[in-house]
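Asks: When we follow our numbering, the leftmost residue of the sequence shown carries the number 4, and every step to the right adds one.
Yeah, the Cβ is synthetic: ideal placement off N, Cα and C, and Gly gets one too.
Sending over a structure as structure tokens; questions will come in a sec.
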Amino acid sequence: MSAYRYERDGEGIVTVTINPAGQPASIMDEGTAGELLDRLERDTISGVIITIDQASPATACTVSENSLSARQQVFNRLSAYKSMLRRLETLGKPVVAAINGPTQGRDYELCLAAHHRIAVNDLAIAIGLPDVAAGLIPCNGGVARLVRLIGLEKGLPLLMAGTKLAPEKAKETGLIDQLAASSGELQSMARDWIAANPAAGQPWDQKGYKMPGGTPSSPNIAQQIFVAPAILRKKCADGQPAQESILAVAVEGAQVDLESALRIESRYFTDLLFRTAAG
């Protein structure tokens with residue numbers, strides 16, 4: 004059994020179904036992701052549609068020892084998976100995430116590596132990055148990409164609260180780009196978008212890209228960043244480490260290129276994971 008199903012049609016559009024129905028849901032690790040990217044890069048394709056049949060299972064983030072080698076191992080695994088997502092978004096072909104079920108955490112981080120996101124307009128679907136509920140932060144590019152997609156002003160509150168949004172609100176906020184009335188329309192819209200955007204790429208990879216709403220040095224953003232720590236301290240005397248880490252990752256990452264931002268995210272996640280394990 005595989006963590007994904009790969010189907011190529013006569014037009015060269017590949018549909019990658021993560022956790023196909025009828026099979027046990029599993030986590031797509033860096034090895035499996037590497038196999039998929041190798042195949043996409045080797046095959047003759049015109050575009051990719053990524054859909055998720057079953058949500059990836061939650062994983063217990065535990066550590067057996069607190070050592071430099073253990074920390075480096077976690078950091079390296081994060082970096083390896085992130086490099087696969089980076090290969091996906093720089094594939095040179097349009098990639099669409101077709102969302103037809105709850106898409107949170109790791110699954111939404113995969114969608115953020117697509118060039119376009121379409122969701123079925125169903126209130127049963129929740130979209131977002133709720134990692135703070137587990138005392139952690141998104142670790143597969145969620146912070147780095149979301150603030151580049153919708154900006155710090157809108158992205159930080161969502162990340163720090165772990166907000167999950169229904170499709171209509173997700174579109175209004177910028178987490179997705181289009182709404183479909185049904186699963187059938189979802190697929191046709193994805194194909195239409197691929198046909199209309201053969202040279203699609205990520206906005207942050209385009210020359211002249213500017214972060215929506217401004218950078219940390221912009222007056223409105225600087226004010227938001229300035230008051231955030233005080234708000235966190237007011238909520239909890241000991242602070243809230245996950246939220247503090249998200250703030251740091253977002254602000255530091257917004258001032259560098261994406262690859263550097265991804266490394267910053269991995270570093271903070273690794274540190275938070277081991278701090279949490281140590282109690």
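Flag this pair as yes or no: are the beta carbons of Arg-120 and Ala-100 separated by less than 8 Å?
Replies: Stepping through the sequence shown from its first residue, residue 120 is reached at position 117. Stepping through the sequence shown from its first residue, residue 100 is reached at position 97. The answer is yes: Cβ separation under 8 Å.
Asks: Using 8 Å as the threshold, is the segment 50 to 62 in touch with the segment 8 to 23, meaning 3 or more CB pairs across them?
Replies: yes
Asks: So, helix, strand or coil for Thr-35, using DSSP?
Replies: The count along the sequence shown starts at 1 and reaches residue 35 at position 32. Helix, per DSSP.
Asks: Confirm, please, whether the CB-CB distance from Gly-177 to Leu-152 is below 8 Å.
Replies: Against the sequence shown, residue 152 aligns to sequence position 149. Against the sequence shown, residue 177 aligns to sequence position 174. Yes.
Asks: With DSSP collapsed to three states, give me the class of Thr-176.
Replies: As a first step, residue 176 is located in the sequence shown; it is residue number 173 there, counting from the start. Helix, per DSSP.
Asks: Going straight from the alpha carbon of Glu-247 to that of Gly-13, what length do you get?
Replies: Working through the sequence shown from its first residue, we reach residue 247 at position 244. Working through the sequence shown from its first residue, we reach residue 13 at position 10. Cα to Cα, Glu-247 sits roughly 49 Å from Gly-13.
Asks: Just how far apart, CA to CA, sit Ile-140 and Arg-42?
Replies: Working through the sequence shown from its first residue, we reach residue 140 at position 137. Working through the sequence shown from its first residue, we reach residue 42 at position 39. Going by the C-alpha atoms only, they are around 30 Å apart.
Asks: What are the partner residues of Gln-181, as DSSP defines its beta bridges?
Replies: Translated into positions along the sequence shown, residue 181 becomes position 178. In DSSP, Gln-181 forms a bridge with Ile-121.
Asks: For Tyr-212, count neighbouring C-beta atoms within 10 Å of its own C-beta (all shown protein chains included) and say buried if the count is 16 or more, exposed if not.
Replies: Residue mapping note: residue 212 aligns to position 209 of the sequence shown, counting from 1. Classification for Tyr-212: exposed.
Asks: By how many angstroms is the C-alpha of Asn-143 removed from the C-alpha of Leu-113?
Replies: Locating residue 113 in the sequence shown gives position 110, where the first residue counts as 1. Locating residue 143 in the sequence shown gives position 140, where the first residue counts as 1. Straight-line measurement puts the Cα of Asn-143 at about 8 Å from the Cα of Leu-113.
Asks: Look at the alpha carbon of Thr-218 and the alpha carbon of Ser-82, and state the distance between them as a whole number of angstroms.
Replies: Within the sequence shown, the letter at position 215 stands for residue 218. Within the sequence shown, the letter at position 79 stands for residue 82. If you take the alpha carbons of Thr-218 and Ser-82, they lie about 25 Å apart.
Asks: Out of curiosity, what's the CA-to-CA distance linking Ala-164 and Gln-227?
Replies: As a first step, residue 164 must be located in the sequence shown, where it is residue number 161. As a first step, residue 227 must be located in the sequence shown, where it is residue number 224. Each residue's Cα considered, the two are about 15 Å apart.
Asks: For Met-87, which of Leu-40, Phe-272 and Asn-103 has the nearest alpha-carbon?
Replies: On the sequence shown, residue 87 is found 84 positions in, with the first residue counted as 1. Ranking the options by Cα distance to Met-87, first place goes to Leu-40.
Asks: Which of the three DSSP states is assigned to Gln-26 in this structure?
Replies: For the purposes of this step, residue 26 is taken as the residue at position 23 of the sequence shown. Residue state, collapsed to three classes: coil.
Asks: What residue range is occupied by the uninterrupted alpha helix (DSSP H) comprising Ile-153?
Replies: Here residue 153 refers to the residue found at position 150 when the sequence shown is read from its first residue. It spans 145 to 153 - the alpha helix (DSSP H) in which Ile-153 sits, taken as one unbroken run.
Asks: Leaving out the 5 sequence neighbours to the left and right, which residues in its chain are closer than 6 Å to Val-77 when beta-carbon positions are compared?
Replies: Position 74 of the sequence shown holds residue 77. Same-chain partners within the cutoff: Thr-273.
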